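Working notes for the structure below.
Residue numbers (the working numbering): 1 to 203.
Written out as structure tokens, the structure reads:
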């Protein structure tokens, strides 16, 4: 996807993603939008930043409680990958439950090492699209992207082969197989993590 750009862009409030990344994510959420980065009609309001708010997933639940339409992004330690997902339903910092949605998706964003972004939409098993487990410090998009514990100090996050989201967002060497193998290469930590509220821009 090619986006029109202009010489002057407003600063984007992220340590991870760019204006172009934000527009690409916006186009996945709403396909009927402007293709100009400067005139992106959607706002990404920063809610959470790991380097400021602490990297434990429980902190994300506490800060984002009851908020809908959020985008979570993280930069992977060592590889520089930018992984994330869109959660259209509200966070719940009390109840452990699996949640139903047909609109969530996960992604890998274009970086110096990845020529094109990867989008993976939920296509089946909608009752298990989102795992909302605050008591276990665990949030995930089925098995497509799992975030556990302290995202910076604990290497417990992973992407696993699954049937809910239609394609993997990491290269096959980093995808945890259906029958797990004991290897550190499948698990990762994050150098930064951010959560944004996605909404139409007020003009």
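C-beta: ideal position from N, C-alpha, C; glycine also. Keep in mind the model is a prediction, meaning the values are calculated, not measured.
Residues bridged to residue i (per DSSP)
{"i": "residue 70", "result": "87 and 197"}
{"i": "residue 106", "result": "85 and 120"}
{"i": "residue 97", "result": "132"}
{"i": "residue 45", "result": "197"}
{"i": "residue 176", "result": "160"}
{"i": "residue 186", "result": "None, per the DSSP bridge assignment."}
{"i": "residue 114", "result": "111"}
{"i": "residue 40", "result": "Bridge partners of residue 40: none, in fact."}
{"i": "residue 76", "result": "190"}
{"i": "residue 146", "result": "140 and 158"}
{"i": "residue 65", "result": "91"}
CA nearest to the CA of residue i, picked from the options
{"i": "residue 63", "options": "76, 191, 157 and 90", "result": "90"}
{"i": "residue 56", "options": "197, 191 and 201", "result": "191"}
{"i": "residue 24", "options": "58, 48 and 84", "result": "84"}
{"i": "residue 151", "options": "166, 58, 106 and 103", "result": "58"}
{"i": "residue 112", "options": "81, 187 and 169", "result": "81"}
{"i": "residue 71", "options": "51, 106, 138 and 40", "result": "106"}
{"i": "residue 130", "options": "96, 161 and 157", "result": "96"}
{"i": "residue 16", "options": "134, 153 and 44", "result": "44"}
{"i": "residue 127", "options": "75, 101 and 138", "result": "101"}
{"i": "residue 48", "options": "99, 73 and 153", "result": "73"}
Length of the line joining the Cα atoms of residue i and residue j
{"i": "residue 42", "j": "residue 159", "result": "28 angstroms"}
{"i": "residue 116", "j": "residue 109", "result": "7 angstroms"}
{"i": "residue 19", "j": "residue 121", "result": "22 angstroms"}
{"i": "residue 145", "j": "residue 79", "result": "16 angstroms"}
{"i": "residue 61", "j": "residue 93", "result": "5 angstroms"}
{"i": "residue 103", "j": "residue 123", "result": "9 angstroms"}
{"i": "residue 188", "j": "residue 53", "result": "20 angstroms"}
{"i": "residue 147", "j": "residue 132", "result": "11 angstroms"}
{"i": "residue 21", "j": "residue 135", "result": "32 angstroms"}
{"i": "residue 170", "j": "residue 118", "result": "9 angstroms"}
{"i": "residue 186", "j": "residue 173", "result": "8 angstroms"}
{"i": "residue 114", "j": "residue 166", "result": "19 angstroms"}
{"i": "residue 153", "j": "residue 75", "result": "14 angstroms"}
{"i": "residue 5", "j": "residue 26", "result": "In this prediction, residue 5 scores a pLDDT of 42, lower than 50, which makes its location untrustworthy; no coordinate-derived value is stated."}
Contacting residues, own chain, Cβ-Cβ under 8 angstroms from residue i (five flanking each side not counted)
{"i": "residue 229", "result": "Since the first and last residues shown for the chain are 1 and 203, residue 229 lies out of range."}
{"i": "residue 125", "result": "142, 163 and 164"}
{"i": "residue 161", "result": "143, 168, 175, 176, 177 and 178"}
{"i": "residue 12", "result": "18, 19, 22 and 44"}
{"i": "residue 51", "result": "15 and 192"}
Own chain partners of residue i with C-beta closer than 7 angstroms, once the 5 adjacent residues on each side are dropped
{"i": "residue 68", "result": "88, 89 and 90"}
{"i": "residue 77", "result": "188, 189, 190 and 191"}
{"i": "residue 29", "result": "86 and 198"}
Cβ shell of residue i (< 6 angstroms), same chain only, five flanking positions each side left out
{"i": "residue 8", "result": "With a pLDDT of 42 at residue 8, under the threshold of 50, the predicted position of this residue should be treated as unreliable, though the coordinate-derived value follows. Nothing listed; no residue qualifies."}
{"i": "residue 66", "result": "90"}
{"i": "residue 139", "result": "57 and 147"}
{"i": "residue 149", "result": "137 and 156"}
Cutoff 8 angstroms: residue i Cβ touching any chain C Cβ
{"i": "residue 18", "result": "As a matter of chain content, chain C is missing from the structure shown, which is built from one protein chain."}
Any contact of the segment 168-178 with the segment 192-200, i.e. 3+ C-beta pairs under 8 angstroms?
-> no
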